[in-house]
Amino acid sequence: MNSKPPVEPFDLPLYTRTKRPIPNEMRPERNPVSLKAAIEEWEKLCPEAELRSITNVYNCMGLLFASRRTNIYPEHVFDILNDDEYRKILDIRDISIGDIVIYRDTDSYDVTHVATVISKQALIKTATWDVKVLSKWGGDGEYMHNLEYVPEVYGKPGEFWTDRKTLP
Amino acid sequence: MNFREAIKQIESYEFSARLNIASDFNTFLKIAQQEAVVKIILDELNDSEKRLFMLEHIFELANESFDLRYENKWDTALAIYIWLLNLKDLKLSRIAADSVIRIPQCWWANKISQQICFEKITYASASKPVVESEVISSTPLPTTNIIKEAEEILLTVSLVPEICREEGLRIIEASTRFNDKIKYDMENLIMPSSPVPEVANFINTNCALI
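Those protein sequence lines, which keep their order, are chains A and B.
Per this note's numbering, residue 1 is the first one in the first sequence, and the count goes up by one each step.
Per this note's numbering, residue 1001 is the first one in the second sequence, and the count goes up by one each step.
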């Protein structure tokens, strides 16, 4: 039995604004047959999600915080948001394009997924908002989809964060 | 559906697609728990012969050739098999994990193998692992060579081989970042005020050797 302990990976030198290292791990690409099967499976299960890209190399956190280069685990999201001077948005009316959505498991309340807002439209008839987001579904596709239209295991959109700054 | 049919499903690309929307291991296991085929196999593993069969099957997959340009095509299946075996038979799962951890281009299989091999975790459920030994620190851990070289760095930077210096300094900085007594600033190459043996002792105590 190998006696060496595992280490938190730091495949790419990635830091927050406060120079906190962000653990990240690069993942091999999956073979094209596997990726094609992923596209077809999610076309069946979530037909309204629009595929933008398919690759295994990065995850939802890697899309938002590492420019699609690597995988970052969701447990680090609040370190990044706080260090990078994001602030929480309390009302969905105040969200805007580029803001971040955090999804939480409905049982454990753990962070499962993150997305970025790409459009927001008022729905006058229902007095609600039609919010579309872009997110990477694990090692499967990168999708454009409605805010709440995610695989069930991701839970619900729990909170919104923004980095937007205004003039002092 | 019988045992063999369930195995075939677990080894399918479709099953892998459903599990690979996970961004972390807990979510991966949560998805797995909801899959009917996983429950079938878990029940079958109550039989000791099936557990032995599962171990042999893991060895077979571990020895299968695959295109090394890509992730191991058996990665999802191996992870699931090791996890299920771990729920039923710790000893067999550790044997399985020890062989799978050496396979290249694995992702989920590597994660569960590492946790079983090093942290002696048993998985009672997807999100509540029971750790038998202490959880490993999340700060980056230097290699044996870098630790030895770090001791020398603290005397003089020029002793460190160029190729290791930057990596070693980065790791030392990260490891001492929140320590009030010992701080090492990579940018300014400030030497710590504490004596070398004390710093070396800190590194040896807090950073496991690889």
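Idealized CB from N, CA, C, for every residue including glycine.
Straight-line spacing of the CA atoms in isoleucine 1010 of chain B and methionine 1001 of chain B works out to 12 Å. Ranked by how close their Cα comes to the Cα of glycine 158 of chain A, the residues A/Ile124, A/Asp107, A/Lys125, A/Ser119 have A/Asp107 in first place.
Shown in chain order are the members of the stretch 113-145 of chain A whose Cβ falls below 7 Å from a Cβ of chain B: His113, Trp137, Gly138, Gly139, Asp140. Using a Cβ-Cβ cut-off of 8 Å, methionine 61 of chain A is close to Ser1023 of chain B, given in chain order. Take lysine 1050 of chain B, set aside five residues on each side of it, and the residues of its chain with a beta-carbon closer than 7 Å to its own are Phe1003, Glu1044, in chain order. Only those residues of the stretch 74-101 of chain A whose C-beta falls short of 9 Å from the nearest C-beta of chain B are listed: Pro74, Glu75. Here tryptophan 161 of chain A is bridged, per DSSP, to A/Lys88, A/Ile100. Near chain B, meaning a CB-to-CB distance below 9 Å, the residues of the stretch 14-34 of chain A are Lys19, Arg20, Pro21, Pro23, Glu25, Arg27, Pro28, Glu29, Arg30, Asn31, Pro32, Val33, Ser34.
The count of Cβ pairs closer than 8 Å, one atom from the stretch 1048-1064 of chain B and one from the stretch 1013-1029 of chain B, stays below three, leaving the stretches out of contact. Cβ-Cβ distances below 6 Å link alanine 38 of chain A to Asp140 in the same chain, with the five nearest sequence neighbours on each side left out; the list follows chain order. When secondary structure is reduced to three states using DSSP, threonine 1076 of chain B falls in the helix class. For the stretch 1026-1049 of chain B, the residues whose beta carbon sits under 9 Å from a beta carbon of chain A are, in order, Asn1026, Thr1027, Phe1028, Lys1030, Ile1031, Gln1034. Residues of the stretch 1048-1071 of chain B with a C-beta atom less than 7 Å from some C-beta of chain A are Asp1067, Tyr1070, Glu1071, listed in chain order. DSSP places asparagine 146 of chain A in the uninterrupted beta strand (DSSP E) bounded by 141-146. Between the beta-carbon of aspartate 105 of chain A and that of threonine 116 of chain A there is about 20 Å, and that puts the pair past the 8 Å contact cut. With respect to chain A, the C-beta atom of alanine 1096 of chain B has no partner C-beta closer than 7 Å. Residue pairing of valine 117 of chain A in beta bridges, as defined by DSSP: A/Val133. In the three-state reduction of the DSSP assignment, arginine 52 of chain A falls in the strand class, which pools E and B. Burial of alanine 1022 of chain B is indicated by the presence of at least 16 other C-beta atoms within 10 angstroms of its C-beta.
At a cut-off of 7 Å between beta carbons, valine 153 of chain A contacts chain B.
For cysteine 1106 of chain B, no alpha helix (DSSP H) segment is defined, and its DSSP state is neither H nor E. Taking CB atoms only, alanine 38 of chain A has a neighbour in chain B less than 7 Å away. Each of A/Arg68, A/Asp94, A/Asp83 was checked against the Cα of leucine 12 of chain A, and the nearest Cα belongs to A/Arg68.
Just so you know, the alpha carbons of lysine 1111 of chain B and tyrosine 1070 of chain B end up roughly 17 Å apart. Beta-bridge annotation (DSSP): leucine 123 of chain A is paired with A/Thr128. Neighbourhood of serine 1016 of chain B in chain A, by CB distance below 7 Å: Ser34, in chain order.
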